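In the numbering used here, the protein residues as written are 3 to 428. We treat Cβ as the ideally placed atom computed from N, Cα and C, and that holds for glycine. These numbers come from a predicted model, not from an experiment.
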Amino acid sequence: MQEKSLSELDEAHVWHPFTQMQTEKNRLEIVAAKDAWLYTADGKKYLDINSSWWVNVHGHGNEHIGNAISEQFLKLDHAIFAGATNPKAVELAARVCQILPSKFQKVFFSDNGSTAVEVALKMAFQYFHNKSEARQRVLALDGAYHGDTFGAMSIGQRGYFNEPFEHFFFDVDFLDFPTKTNEEQLLLKAKNLFETNEFACLIVEPLVQGSAGMRMYSSKFLDQLTNLAQSFDVKVIFDEIMTGWGRTGTLFALDQCEVKPDIICLSKGLTGGVLPLGLTIATNEIYNAFLSEERAKALLHGHSFTGNALACSAACASLDIFEEQETKDKIKRLSDWNLQFLNELANHPKLLDVRQCGTILAIEIEIHEKSSYFSSIRDKAYAHFVENGILLRPCGNVLFFNPPFCLTEEEYGIAKSAVHSFLAKI
Ligand SMILES: *Cc1c(COP(=O)(O)O)cnc(C)c1O
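Written as structure tokens, this is what we have:
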């Protein structure tokens, strides 16, 4: 039998995410990665400016994380987590509670961001069910993205992505995205909704909406909204899956808020971005509503890989790295470069907006068609950056940097000049 190439085997057997398999044919054959670089089979390298779908925080091939995983493998790979526990999962839970505000004390494990959100929704719904309170409605923000499972899709932006499934979704109320001019109006709308006493929860991506194109809003508005929700006993869920782990300049977006939520979802950078893992973290107040003599009042939810020791060992090693001053310095440095670049680009005639939140920089290109994921500028931009040795996946007309924190000034410069050359050519 003649040996098939990687791309032939891929074409024959692999179904890729978010991909029209008939027309989108070219795939980078990534065979190695180190620090901020991805290396392909044809001998080229690409700067991983979006951290491999926003997950990688410390750079690829981090030795501390790698050693932790291999040591853990020799001790305990994976074991059941119902009726059993393991040291790395416990260590992770305890350490995460230690770095969060003190009201967060209970950690539920799952496998990824979407499942962390599903668990958060179940916690909020069952909290009221267990208390025999009829609260079943959800408030979310327009443009939200919380994942691709059914519950997560229901509370996200409706559109092309989930149209075939829309008739299965539960009803959700959406607030317009907060801008400086509509905040009062939104708070009034939220108040009217909460006054029905039908709302179980409010879910938001705090400070930055990722998939909507790195849209940013103020912590002051978020404080007001959280406060309002909590005054009606509506549970507030912060989906920090994208914003967590230093992205917004602080360890979590909630560190920039005065008013803290009731439930937090973490994933993506949690393991340093090297293994799948999700956490849903609740207050004791929520947890206590599940305590009963009746088994049916328990959170009857779980995944085969709940509490996976390897993923937890990676996450603990990543926490070690976050404790180092050097990591804080890197986050600060990256935030400073972003701010400088933002100032350089301000008032650029081809840009609609440039915005920054910590290590995230978003550059929104002016287009004279409606901004959408399918805008042709997206494909042109993606191709331009690939040609220049940079892997940057725009959201529609929004280019953004959310790189691993190990990025050097020289590497940042490479990304900057590719932005300039793209802007010059459009
Ligand atoms: C990526 C993301 C998710 C979904 O996480 P997956 O691991 O891809 O399921 C949920 N919420 C936010 C804010 C995200 O950015």
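1. Under the DSSP definition of a beta bridge, which residues are partnered with Ala34?
2. Going by alpha carbons, who is nearest to Leu195 out of Lys222, Ile243, Val140 and Asn229?
3. By the three-class DSSP mapping on this structure, what secondary structure does Ile428 have?
4. Would you be able to state if there are at least three C-beta pairs under 8 Å between the stretch 341 to 358 and the stretch 80 to 87?
5. How many Å lie between Phe172 and Gly153 at the Cα?
6. By how many angstroms is the C-alpha of Leu353 removed from the C-alpha of Gly391?
7. I'd like the ranges of any beta strand (DSSP E) spanning at least 3 consecutive residues and lying wholly in the stretch 35 to 101.
8. Counting along the chain, where does the alpha helix (DSSP H) carrying Ala202 start and finish?
9. So the candidates are Asp257, Glu197 and Arg217; which of them puts its Cα closest to the Cα of Ser233?
10. Is it true that the CB of Ala38 sits closer than 8 Å to the CB of Leu425?
11. Could you tell me whether any non-hydrogen atom of ligand 1 is closer than 7 Å to the CB of Ser378?
12. Taking DSSP as the reference, what is the three-state secondary structure of Gly415?
13. Whole angstroms are fine: how far does the CA of Lys427 sit from the CA of Thr282?
14. Terminal residues of the continuous beta strand (DSSP E) containing Leu189?
15. Within 10 angstroms of the Cβ of Glu296, are there 16 or more other Cβ atoms? Answer buried if so, exposed if not.
16. With Ser320 and His60 assumed to form a contact (beta carbons below 8 Å), what rounded beta-carbon distance in angstroms separates them?
17. Note the first and the last residue of the continuous beta strand (DSSP E) segment covering Asp12.
18. Given Val261, which residues of its chain have a CB within under 6 Å of its CB, disregarding the five upstream and five downstream residues?
19. Closer than 7 Å: is that where the CB of Asp144 sits relative to any heavy atom of ligand 1?
20. Taking all protein chains shown into account, decide if Ala311 is buried (16 or more other Cβ within 10 angstroms of its Cβ) or exposed.
21. Relative to ligand 1, is the shortest distance from any of its heavy atoms to the C-beta of His305 smaller than 7 Å?
22. Who are Leu357's beta bridge partners in DSSP?
23. Using the Cα positions of Ser378 and Val400, report the straight-line distance between them to the nearest angstrom.
24. Spatial neighbours of Leu49 within its chain, please: C-beta separation below 7 Å, excluding the five flanking residues on both sides.
25. Jot down the residue ranges of each uninterrupted beta strand (DSSP E) in the stretch 105 to 180, minimum 3 residues, whole runs only, in chain order.
26. Does the contact criterion of 3 or more C-beta pairs under 8 Å hold for the stretch 133 to 147 versus the stretch 255 to 271?
27. Starting from the C-beta of Ile333, find all residues in its chain whose C-beta is less than 8 Å away, skip the five residues before and the five after it, and write them out in chain order.
28. So, using beta-carbon positions, are Leu94 and Cys314 closer together than 8 Å?
29. Taking the alpha helix (DSSP H) that Cys318 belongs to, which residues open and close that run?
30. Whole-angstrom Cβ separation of Ala192 and Leu209, contact assumed at under 8 Å?
31. With Leu230 as the anchor, note down where its alpha helix (DSSP H) starts and where it stops.
32. Shorter than 7 Å, the distance from the beta carbon of Ser156 to the closest heavy atom of ligand 1, or not?
33. What does the Cβ neighbour count give for Val92, buried or exposed, with the cut at 16 atoms within 10 Å?
34. What is the residue span of the alpha helix (DSSP H) that Val238 lies within?
35. Exposed or buried, what is Val430 when buried is set at 16 or more other beta-carbons lying within 10 Å of its beta-carbon?
36. With a threshold of 7 Å, establish whether the CB of His148 neighbours any heavy atom of ligand 1.
So, to answer that:
1. Tyr41
2. Val140
3. coil
4. no
5. 8 Å
6. 23 Å
7. 39 to 42 and 47 to 49
8. First-last for Ala202: Phe201 to Val206, but that is the beta strand (DSSP E), not the alpha helix (DSSP H).
9. Glu197
10. no
11. no
12. helix
13. 45 Å
14. Unbroken run through Leu189 is the alpha helix (DSSP H), Glu185 to Phe196; no beta strand (DSSP E).
15. exposed
16. 7 Å
17. From DSSP, Asp12 is part of no beta strand (DSSP E) but of the alpha helix (DSSP H) over Leu8 to His15.
18. Asp225, Thr228 and Asn229
19. no
20. buried
21. no
22. Correcting the residue identity first, residue 357 is Arg in this sequence and not Leu. DSSP lists Ala364 as partners of Arg357.
23. 12 Å
24. Ala38, Trp39, Gly391, Ile392, Leu393, Glu413, Ile416 and Ala417
25. 106 to 112, 139 to 143 and 175 to 177
26. no
27. Gly248, Gly251, Gly360, Thr361 and Phe407
28. yes
29. Ala311 to Glu325
30. About 17 Å; that fails the 8 Å criterion.
31. Ser221 to Ser233
32. no
33. exposed
34. No alpha helix (DSSP H) holds Val238; the beta strand (DSSP E) holding it covers Lys237 to Asp241.
35. A query on residue 430 cannot be resolved here, the shown segment of the chain reaching from 3 to 428 and no further.
36. yes
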